[in-house]
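Enquirer: Just so we're aligned, residue 1 is where the sequence shown starts under UniProt numbering, counting upward by one.
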Amino acid sequence: METKKIAFITGVTGQDGAYLSEFLLKKGYIVHGLKRRSSSFNTDRIDHLYQDPHIENRNFILHYGDMTDSTNLIRLVQQIQPDEIYNLAAMSHVAVSFEMPEYVGDTDGIGTLRLLEAVRLLGLEKKTRIYQASTSELYGKVQEVPQSETTPFYPRSPYAVAKMYAYWMTVNYREAYNMFACNGILFNHESPIRGETFVTRKITRAAARIALGLQDKFYLGNLNAQRDWGHAKDYVRMMWMILQADKPEDWVIATGKTTAVREFVRMSFAELGIELDFVGKGVDEKAYVKSCSNAEYQLELGKEVLSVDPKYFRPTEVELLVGDPTKANTKLGWMPKYDLQGLIKEMMESDVHLMKKEQYLQEGAYPILNYFE
Ligand code: NDP
Ligand code: GDR
1 METKKIAFIT
11 GVTGQDGAYL
21 SEFLLKKGYI
31 VHGLKRRSSS
41 FNTDRIDHLY
51 QDPHIENRNF
61 ILHYGDMTDS
71 TNLIRLVQQI
81 QPDEIYNLAA
91 MSHVAVSFEM
101 PEYVGDTDGI
111 GTLRLLEAVR
121 LLGLEKKTRI
131 YQASTSELYG
141 KVQEVPQSET
151 TPFYPRSPYA
161 VAKMYAYWMT
171 VNYREAYNMF
181 ACNGILFNHE
191 SPIRGETFVT
201 RKITRAAARI
211 ALGLQDKFYL
221 GNLNAQRDWG
231 HAKDYVRMMW
241 MILQADKPED
251 WVIATGKTTA
261 VREFVRMSFA
271 ELGIELDFVG
281 KGVDEKAYVK
291 SCSNAEYQLE
301 LGKEVLSVDP
311 KYFRPTEVEL
321 LVGDPTKANT
331 KLGWMPKYDL
341 QGLIKEMMES
351 DVHLMKKEQY
361 LQEGAYPILN
371 YFE
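This is how it looks when you write it as structure tokens:
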């Protein structure tokens, strides 16, 4: 009988952790995930995969832990004896990293070292393959377009600097100890379960709420920033492919196309049949409803739906990211299945569905209990 492969995913409760868990379970893996203790539930994205701990032979098992806790990581790696580790855990919000740079260095940077060291200390260098969630944020200030595996790095945030440390630690452990440790340099990837404060999800949620009359308008920062946006489902497949390759290497994963934040806003509203007019520049830019072809939405023409709020500007910004995925395309045969239009359609559908639920509860005058009164 063939033994099942064992994967250990840190950051299992995040967007990528959830999609990757599903993907690996379908491939027949036993999946162990690291989750943080939280005072409220933080497993929404993986609740559909949950298995009662009382049943035998589970293939999806969660463990409490934290990237800042070495002994916890060593114990878990020893207990799990993974064939593959996917290190996805991170404080992943670039803007927030300016507010808590030391914590981000500890979690995103040193946390990666702790995991690599656990594998080395336990003598698992030959057995365990490691995927490190590196990022296009490493490129930061534009040095070259499009960005490939050979483009120099110029990180522009505490998040990117911490991830740069993790990137080089991964390379160093590969070269020093012959470990199968790889970086996936992933450009932005989104989905209906993207965190609500990243710009794409903030836009699709706001568009749905405005269309349904649950919200008047919303605020964004830099509308000119350009990103290479793909779908998380395509990207987690590539994480797995990277660890199945003949030799350990670093890989750029991107679509090769870039789009401005403003255009993402326009496309999201257009998906609902709402055409926007953008007026003004910089901090004075606003968007208004120009037309609405969807009779379901009672939007008045000329209604202001978006303003720029400088509060969302970053102390140092990454203006333009566009990746060159040629190496992944040609050497691993990876091709994304989604384009930006398909991604936006799926995100809009999902957020309209979610917001209709909220609208239903509000309109049905479902009683809201206030425990603070
Ligand atoms: P999310 O922010 O959705 O998920 C991050 C995960 O890390 C969550 O499970 C979170 O737990 C966990 N986490 C945070 N801090 C700690 C800690 N101290 N100890 C243990 N776990 C922790 O990120 P994504 O899924 O979008 O991204 C996955 C990885 O890929 C991240 O490392 C990110 O930096 C990187 N990346 C993401 C890209 C993207 O576009 N999505 C692009 C390139 C790289 P909790 O749920 O409790 O908060
Ligand atoms: P990013 O994603 O910083 O690229 O990091 P985010 O969606 O936060 O920002 C993308 C661009 O949009 C601009 N922007 C805003 N961003 C947010 N969050 N909120 C706003 O209101 C807003 N207005 C404009 C930003 O300035 C930026 O230019 C993501 C994360 O997933 C990282 O973990 C990952 O490494 C990179 O993608 C690749």
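Heads up, the beta-carbon is just placed ideally off N, CA and C, and yes, glycines get one too.
Which runs of the beta strand (DSSP E) spanning at least 3 residues fall entirely within the region 105-182, listed in chain order?
Expert: Taking only runs of at least 3 residues, the beta strand (DSSP E) segments lying wholly in the region 105-182 are 129-135.
Enquirer: Quick check: the Cα distance between residue 302 and residue 290, rounded to an integer number of angstroms?
Expert: Cα-Cα distance, rounded: 6 Å.
Enquirer: Do residue 192 and residue 256 have their C-beta atoms within less than 7 Å of each other?
Expert: No; because the gap between Cβ atoms is not below 7 Å, this pair is not in contact.
Enquirer: Among residues of its own chain, excluding the 5 on either side of residue 29, which ones have a beta-carbon nearer than 6 Å to its beta-carbon?
Expert: The answer, listed in chain order, is 5 and 7.
Enquirer: Relative to the C-alpha of residue 42, which candidate in 18, 219, 299 and 71 has its C-alpha closest?
Expert: That would be 18, whose Cα lies nearest to the Cα of residue 42.
Enquirer: Can you tell me where the alpha helix (DSSP H) holding residue 70 begins and where it ends?
Expert: That run of the alpha helix (DSSP H) goes 70-80.
Enquirer: Taking just the CA atoms, how far does residue 339 sit from residue 213?
Expert: Their Cα atoms are separated by approximately 29 Å.
Enquirer: How is the alpha helix (DSSP H) around residue 235 delimited, first residue to last?
Expert: First-last of the alpha helix (DSSP H) with residue 235: 232-244.
Enquirer: Could you spell out the range, first to last residue, of the alpha helix (DSSP H) harbouring residue 12?
Expert: Element bounds for residue 12: n/a, residue is neither H nor E.
Enquirer: May I ask whether a heavy atom of the ligand GDR can be found less than 6 Å away from the beta carbon of residue 135?
Expert: Residue 135 Cβ: within cutoff of the ligand GDR.
Enquirer: Bridge partners of residue 63, per DSSP?
Expert: 34, per the DSSP bridge assignment.
Enquirer: According to DSSP, simplified to helix, strand and coil, what is residue 224?
Expert: If DSSP states are grouped into helix, strand and coil, residue 224 belongs with coil.
Enquirer: Does the beta carbon of residue 225 fall short of 6 Å from some heavy atom of the ligand GDR?
Expert: True, at least one ligand heavy atom lies under 6 Å from that Cβ.
Enquirer: Any heavy atom of the ligand NDP closer than 6 Å to the beta-carbon of residue 188?
Expert: Yes, the beta carbon of residue 188 sits closer than 6 Å to at least one heavy atom of the ligand NDP.
Enquirer: Return the first residue and the last residue of the beta strand (DSSP E) that residue 275 is part of.
Expert: Element bounds for residue 275: 274-279.
Enquirer: Measuring from the CB of residue 222, is there a heavy atom of the ligand GDR at a distance below 6 Å?
Expert: Residue 222 Cβ: within cutoff of the ligand GDR.
Enquirer: When we look at the beta-carbon of residue 189 and count the other beta-carbons within 10 Å, is it buried (16 or more) or exposed?
Expert: Classification for residue 189: buried.
Enquirer: Does the ligand NDP have even one heavy atom less than 6 Å from the beta-carbon of residue 72?
Expert: It does not: the Cβ of residue 72 is nowhere closer than 6 Å to a heavy atom of the ligand NDP.
Enquirer: Below 7 Å CB to CB, which residues in the same chain sit around residue 64 once its five sequence neighbours on both sides are set aside?
Expert: Contacts found: 35 and 37.
Enquirer: Which runs of the alpha helix (DSSP H) spanning at least 4 residues fall entirely within the region 198-224, listed in chain order?
Expert: Fully enclosed alpha helix (DSSP H) runs of 4 or longer: 199-211.
Enquirer: Following a CB-centred definition, is residue 139 positioned closer than 6 Å to any heavy atom of the ligand GDR?
Expert: Residue 139 Cβ: outside cutoff for every heavy atom of the ligand GDR.
Enquirer: Under a three-way DSSP split, which group does residue 316 fall into?
Expert: It is coil, neither helix nor strand.
Enquirer: Distance check for residue 72 and residue 79, CA to CA, integer angstroms please.
Expert: When rounded, the distance between both Cα atoms is 11 Å.
Enquirer: For the region 258-310, list the alpha helix (DSSP H) runs that are entirely contained and at least 4 residues long, ordered along the chain.
Expert: Taking only runs of at least 4 residues, the alpha helix (DSSP H) segments lying wholly in the region 258-310 are 261-271.
Enquirer: To the nearest angstrom, report how far apart residue 132 and residue 279 are at their CA atoms.
Expert: Taking the straight line from one Cα to the other gives about 42 Å.
Enquirer: Put residue 46 into one of helix, strand or coil per three-state DSSP.
Expert: Here residue 46 sits in helix by DSSP.
Enquirer: Within 10 Å of its beta-carbon, does residue 331 have 16 or more other beta-carbons around it, so buried, or fewer, so exposed?
Expert: Classification of residue 331: exposed, given that the 10 Å Cβ count is below 16.
Enquirer: Quick one: Cα of residue 139 to Cα of residue 367, how far?
Expert: In a straight line, the C-alpha of residue 139 is about 50 Å away from that of residue 367.
Enquirer: Could you tell me whether the region 202-216 touches the region 337-356, where touching means 3 or more Cβ pairs closer than 8 Å?
Expert: Verdict: yes, contact present.
Enquirer: Using a Cβ-based criterion (distance less than 6 Å to any ligand heavy atom), does residue 199 qualify as near the ligand COA?
Expert: Ligands present in the displayed structure are limited to the ligand NDP and the ligand GDR, and the ligand COA is not among them.
Enquirer: If I measure Cβ to Cβ from residue 104 and keep anything under 6 Å in the same chain, skipping five residues before and after, which residues do I get?
Expert: Excluding sequence neighbours, residue 104 sits near 91, 97, 158, 159 and 162.
Enquirer: Tell me, please, whether the region 247-256 touches the region 133-153 by the rule of three or more beta-carbon pairs shorter than 8 Å.
Expert: With a cut-off of 8 Å, the region 133-153 and the region 247-256 count as touching, because enough Cβ pairs lie within range.
Enquirer: Measuring CB to CB, does residue 11 end up less than 7 Å from residue 88?
Expert: Yes. Within cutoff.
Enquirer: CB-CB under 6 Å to residue 179, same chain, minus the five flanking residues each way: which ones, in chain order?
Expert: Closer than 6 Å at the Cβ level, and outside the excluded window around residue 179, lie 125 and 173.
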